Every structure is written in C-alpha cells, then in structure tokens.
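Read the structure below first, then the notes.
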Amino acid sequence: MTTYAIGDLQGCHAEFVELLERLAFDPRRDRLWLAGDLVNRGPASLACLREVRALGEAAVTVLGNHDLHLLAVARGGASLNRKDTLECILDAPDREALLDWLQSRPLLVREDLGDHGDTLMTHAGLLPQWSPAEATGLAREVEERLSSEQSGAFLQRMYGNEPACWHDSLDGVERLRAIVNVLTRMRFIDAEGCLDFSAKEGLDSAPPGFAPWFCYPRQDEARLVFGHWAALEGQAPGARARVEALDTGCVWGGRLTALNLSTGERSGVPSHQRR
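Heads up, the final residue of the sequence shown is numbered 275 in full-length UniProt numbering, and it's a clean run with no missing numbers.
Here's what the structure looks like:
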C-alpha cells in the first residue's frame, strides 16, 4: 500500500485523472491524502467532487478555504465572487449529497506513518504554538460545529479577519473563526502567532515583522503537509520544521503534484490551464 498526498485540485479534474494514472493509483491498494481546495477557479469543480467522493475510504481530504466558501454560499447565505466557478455544483442534481459529504470532511488529518513518524495534513499549515495534539482537538471543535444543527449559523459568521491572534481564552464564534483562519487561510504570521491576511504572494511579500508560519521553531518533530500557497511552488525555504508544501499552482498554469509519503518522491503533471 502506498499513500500519496496531492496538492490543491481547484477544479482541475483532467490533471487529477492524469496524475492518478501516472501514479498507477489503485484504490483497492493505495490511499490518497488531498490537501483541500478541491473546488473553485478551475473548470471542473463538480467532476473533482464526484471523483474524490467516489474513491470512498481510499481518499481523505481536509477542508480548504475554497471548500468552505462553497459551503458558505450553499448553506450560509454568502455570495459568489466574480471569479468563482461553483455554479456547476450549486445546480447539480446531486448537489445536496455532495455538500453533505464535503461538510463532513475534517480540517486536519493525523497519522503515525512509521519511519516518518507523526504526520499531519491541513490546508494552510499549523501555528508553531500548537502541538499536534492541541491542533487535532481544535480542528475537532470546528468539525463538530459543522456537523451540528448550528452549522448554518456558523457558516454565516465563519469568515472575517478578526481575531487575528490566537488566544486560548477565545470562545464562541470568534474561537472557531480563529481556528478556521489558521488551518485554511494562514501564510504569514508574527512571533506571537498573529496572522496577516493581506500578503498572498511569495516570501518577499512578507509585511514587516512577519514571516512564513513554517519559519518559526516548533517544540515537536511532526511532519506537516499543506497546500494553499501556490506562490511557494511546492517549496518551503527557511523551514524550521519538517514541512511539505504541495500546492504547485495547477489552476494557475503550474503543475499538480503528488508526494509519496513513504519515500518522499514527488510526481507531477503539467496544468492544462492557460496562465
């Protein structure tokens, strides 16, 4: 059995199928970890959702910010953005089944992978102040709210840039929003773990006093797998932890990348999208 981790699909279904063929992926034998953002901006978000869901237990995906945006539009009263490509899902005959499945996905996956030890995957990364156990518990708080009768009310208030700093004393929607922001939106943070939401490009776009989250030391040796940050092109220079960046910008004309979690080998296919 081989476990592969794959970066952001964002509606790039043809590339996803091509990559699975290149890997000779067999769902009866192998497993996939998908780093979130299955949908949006690309041409085939509906096909991506259907494909991953059909893989059943052979595939596990964490929620990304675009996945949560879809849920917020469909079930939280949010509006579509000009560049969204989500109408195909919203108009699909199997819409509700797909949304139910997506809403039940975790924000964090954690597993002991033998020689590679404790391995965690989230969409955007992990605060250096959070231990793997603490992060797992915090992710579960959001997952429980998404599976509750209050999920619609939460989706209405989920997004916002405040609070920008995590504190253990946070409660209510502010606490859940801060967890979502760390796990699905984070790029640059300061030494106290406060997030900047303005800079979205490469490392040289860091605001004064901020650095990529993975450049701060951790107290544990967990391996962290993440997507979200296409401008990194699959690299994490200056990392102070074991990190694997997987978003190589397929939807922007880059590549779709898979990482063999046992060997560390990377495979990829070129994007079919125009830059």
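Idealized CB from N, CA, C, for every residue including glycine. Predicted model only: the values in this text are computed from it and were never measured.
Beta carbon of residue i nearer than 9 Å to that of residue j
| i | j | result |
| --- | --- | --- |
| P106 | E143 | yes |
| G7 | L256 | yes |
| V225 | T119 | yes |
| S271 | V243 | no |
| P43 | H13 | yes |
| M186 | V173 | no |
| E18 | V182 | no |
| D26 | G227 | no |
| L261 | H116 | yes |
| G177 | E141 | The amino acid at residue 177 is misidentified as Gly; the sequence shows Arg. Taking 9 Å as the Cβ cut-off, R177 and E141 do not qualify as a contacting pair. |
| L99 | L71 | yes |
| L23 | A258 | yes |
| I189 | P208 | no |
| P128 | A241 | yes |
| L32 | A54 | no |
Helix, strand or coil at residue i according to DSSP, with G and I counted as helix
| i | result |
| --- | --- |
| S205 | helix |
| E221 | coil |
| G249 | strand |
| F25 | coil |
| T263 | coil |
| F226 | strand |
| F188 | strand |
| V62 | coil |
| L9 | coil |
| E244 | strand |
| V182 | helix |
Residue nearest to residue i in terms of C-alpha spacing, selected from the options
| i | options | result |
| --- | --- | --- |
| D84 | L68, N40, G114, S45 | N40 |
| T184 | R75, T263, L108 | L108 |
| H66 | A78, V60, A58, L55 | A78 |
| Q156 | R75, G254, H116 | R75 |
| A164 | D115, A5, A58, S198 | S198 |
| D168 | I179, R28, R218 | I179 |
| E221 | D196, L99, S131 | S131 |
| D30 | T122, P212, N81, Y4 | Y4 |
| T136 | S147, R218, M121 | M121 |
| L138 | W166, W213, A206 | W166 |
| A274 | R218, G249, G264, Y216 | One point to set straight first is that residue 274 is Arg, not Ala, in the sequence displayed. When only C-alpha atoms are compared, the closest one is G249. |
### Query
Which runs of the alpha helix (DSSP H) spanning at least 4 residues fall entirely within the segment 103-177, listed in chain order?
132-146, 151-157
### Task
Decide yes or no for the touch test of the segment 182-202 against the segment 229-237: beta carbon pairs closer than 8 Å, at least 3 of them.
yes
### Message
Whether or not the segment 94-101 and the segment 43-53 are in contact is what I'm after, with contact meaning three or more pairs of Cβ atoms, one per stretch, closer than 8 Å; do they touch?
### Response
yes
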